[in-house]
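Numbering (the numbering used here), first residue to last: 44 to 126. By construction, the Cβ of each residue, glycine as well, lies at the ideal position given by its N, Cα and C atoms. This one's a predicted model, so the numbers in the text were calculated from it and none came from an experiment.
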């Protein structure tokens, strides 16, 4: 799964949207955060949630996790488009 994630990043430029199930989302988040898979279910993933991960030459930065409709703007850093 992480190989497929890296293939997507390598073959694309700019913004990328990946739609996945909670388990796949958790695997990607564990990978980019360096969290052991034994802690997989400590990451919340509600139905239809949004996670934002930025990739750079030095690694990854997770900016949002498990944001869904009705999330308070304080949680999203005031980003009005995250709903």
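Going by Cα to Cα distance, which pick from the options is closest to residue i?
{"i": "residue 111", "options": "99, 55, 71, 94", "result": "94"}
{"i": "residue 59", "options": "98, 107, 106", "result": "98"}
{"i": "residue 74", "options": "113, 46, 63, 64", "result": "46"}
{"i": "residue 108", "options": "81, 50, 86", "result": "86"}
{"i": "residue 66", "options": "51, 57, 90, 54", "result": "90"}
{"i": "residue 88", "options": "62, 103, 102", "result": "62"}
Between residue i and residue j, which are expected to be in contact by the criterion C-beta below 8 Å, what is the C-beta distance as a whole number of angstroms?
{"i": "residue 76", "j": "residue 105", "result": "6 Å"}
What are the complete alpha helix (DSSP H) segments, minimum 4 residues, inside the segment 48 to 114? 65 to 76
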